[in-house]
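Okay, so here's the structure we're looking at.
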Amino acid sequence: MKFNKTIAAIMLATSSVAVSAQELDITVTNLTQGMHYTPFIVSAHTADVSLYKLGEAASTELQMMAEGGNIDGLDTMLMAANADIIKNPAAGLLAPSGSFTTTITLSDGNGYLSLASMLLPTNDGFAALNGWKVPTDDAGAYVPGTYKMNLNAYDAGTEANDEIINGAGAPGAAGIPAAPGMNAGSGATGVTTTEANQTIHVHRGNLGDDNLTGGKSDVDNTVHRWLNPVASVTVVVK
Amino acid sequence: MTSLNNLRKTSLSAAIAVSIALVGCGGGSDDPVVEEEVVVVPPAPTPVNYSYEVKVLNLTVAQPMSPLAVVLHNEGEFWKIGEAASVALENLAESGANTDFLADSMALASASGADLLMPGATETVTVTLVDTMPTSFTLATMLVNTNDAFAGITAKDISNLAVDESISLLTGSYDSGTEKNSELSATIPGPATGGMGEGFNEERDDVDVVSMHAGVVTIDDGLSQSVLTEEHRFDNPTLSITITRVE
Chain A
2 MKFNKTIAAI MLATSSVAVS AQELDITVTN LTQGMHYTPF IVSAHTADVS LYKLGEAAST
62 ELQMMAEGGN IDGLDTMLMA ANADIIKNPA AGLLAPSGSF TTTITLSDGN GYLSLASMLL
122 PTNDGFAALN GWKVPTDDAG AYVPGTYKMN LNAYDAGTEA NDEIINGAGA PGAAGIPAAP
182 GMNAGSGATG VTTTEANQTI HVHRGNLGDD NLTGGKSDVD NTVHRWLNPV ASVTVVVK
Chain B
335 MTSLNNLRKT SLSAAIAVSI ALVGCGGGSD DPVVEEEVVV VPPAPTPVNY SYEVKVLNLT
395 VAQPMSPLAV VLHNEGEFWK IGEAASVALE NLAESGANTD FLADSMALAS ASGADLLMPG
455 ATETVTVTLV DTMPTSFTLA TMLVNTNDAF AGITAKDISN LAVDESISLL TGSYDSGTEK
515 NSELSATIPG PATGGMGEGF NEERDDVDVV SMHAGVVTID DGLSQSVLTE EHRFDNPTLS
575 ITITRVE
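Put into structure tokens, the structure is as follows:
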């Protein structure tokens, strides 16, 4: 009997290998009217990989992405975990109301999906999907279907939201790298110099002001604000 | 195949009816057989109503909603992120007028709310489609103390909704992208300006694509030209919607 069970288990394992070259079509839409996204990183990985945890400090890799849009750190981290990775599927910035679709092929066992990108202009705001489990049936096979979800904007908690646009994007450097699109201001004195919550939390939004050449903020309060959700994700499991 | 089968059955029953009529006419008489045309009138089918009660609660502090526009349809979307708003949607989002929106060619049945839906208030609108089961549901309403914000949902799939079943939704707010969010007194039609601000204007001086709304800034939060105050701010969700199929 034991022998039979082992054979059955091997057969099950074999059949799950057969369906493991699963393709997913992933569409991401920027739902905002005035915020841009830096190049996305999209990946499929195992259950024990996580880009971040709410309420905990950001990793250096996440900080690089959230403060400067640099996904190289997350890429290295995910490669070490044998993840399937797609870098920069939008071929550059994802403009307001824009969208991209990419196809990822899941290696065996990589049944969890993550993606992340920085919101511009912010100091360290980002949107992410963090380890979404691709639905499976009782036998472990992926369930074909179309799955839709909305993403909120988070704050990495690693940089004070001074809202000064000065080109700074390196981890720990104060300031916002850029405000693509319209109405980037200059000459602001800064909204704040401190970050009260240094763990990853829901972003409180940009404050902005109505002064393009001074005031507290270089961000335009009629253009660079948002409400959640800030992005939508549609996953098609074929 | 199904329609072909139906057609054959219909011809067959018509033929039977005709032959019975002929036998009836010729029964024991010397009169020549008069061929009468027999018209087979099928009994009129009882109309089937697909009826939905739509209960809507305004979740905002101080954003009355313009009369609700409720539409049943089988195809299309009434707006899409990243695409330009229709003129009917622009009108609804800038002025609150829903007449053109309800009359859209995609609409199979539609219904309007009675009046403004005030913050904290609930209204139930019933919409009924006869003989066709609708697959999609759309609801739109303007946040009237804004330039061009609207709330609701479009092309919600209701095809699996059985009688007495309901779907509950919390929905967010969109920006039609057709009017700059100046928050100037002259541009906002709601009670914040005593209804004095302009509603619909065919000029499109904003991004001209639909997106989620970023919220209002207000004079209390640093937009010095704004006629709005802190109480006009809102966050998502702005509406609670329950769709119940009653017939």
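From first to last, the protein sequence lines are chains A and B. So the mapping is simple: this note's numbering equals the position in the first sequence, first residue as 1, plus 1. So the mapping is simple: this note's numbering equals the position in the second sequence, first residue as 1, plus 334. Note that beta-carbon positions come from the ideal geometry of N, C-alpha and C, so glycine has one too.
Only Ile-415, Gly-416 from the stretch 409-434 of chain B bring a Cβ to less than 7 Å from some Cβ of chain A.
The CB of Arg-226(A) comes closer than 8 Å to the CB of Ala-548, Gly-549, Val-551 in chain B, given here in chain order. Using a 10 angstroms sphere on the CB of Leu-121(A), the tally of other CB atoms reaches 16 or more, which defines it as buried. Under the three-state reduction of DSSP output, Ala-396(B) falls in the coil class, being neither helix nor strand.
By the neighbour-count criterion, in which 16 or more other beta carbons inside 10 Å mark a residue as buried, Thr-472(B) falls on the buried side.
Contact annotation for Asn-479(B) against chain A: no contact, minimum CB-CB distance about 16 Å [criterion: below 9 Å]. With a threshold of 8 Å between beta carbons, Gly-99(A) makes contact with chain B. Along the stretch 121-137 of chain A, there is no position whose C-beta sits under 8 Å from a C-beta of chain B. Interface with chain B (8 Å Cβ-Cβ cutoff): Thr-103(A) is excluded. Collapsing the DSSP output to three states places Thr-527(B) in a helix.
Pairing Ala-445(B) with Val-459(B) gives a Cβ-Cβ distance under 8 Å.
Going by C-alpha positions, Glu-62(A) is about 28 Å away from Gln-23(A).
In this structure, Gly-126(A) lies away from Ala-169(A), with their beta-carbon atoms at least 8 Å apart. Per DSSP, reduced to three states, the secondary structure at His-204(A) is coil, with no helix or strand assignment. Note on Ala-496(B): under 16 other CB atoms within 10 angstroms of its CB, so exposed under the neighbour-count rule. C-alpha of Ile-87(A) to C-alpha of Asp-156(A): approximately 23 Å in a straight line.
With 16 or more other Cβ atoms from the protein chains shown falling within 10 Å of its own Cβ, Pro-523(B) counts as buried. Take Val-144(A), set aside five residues on each side of it, and the residues of its chain with a beta-carbon closer than 7 Å to its own are Pro-136, Thr-137, Asp-138, Val-238, in chain order.
Between Ala-45(A) and Tyr-148(A), the CB-CB gap reaches or exceeds 8 Å. Less than 8 Å divides the Cβ of Ile-201(A) from the Cβ of Tyr-53(A).
Per DSSP, reduced to three states, the secondary structure at Met-65(A) is helical.
Separation of the CB atoms of Val-544(B) and Glu-417(B) is rounded to 6 Å, and the pair is thereby assigned contact status at 8 Å. Less than 8 Å separates the beta-carbon of Pro-571(B) from that of Thr-505(B). By the C-beta density criterion, Met-66(A) is buried, having at least 16 other C-beta atoms within 10 angstroms.
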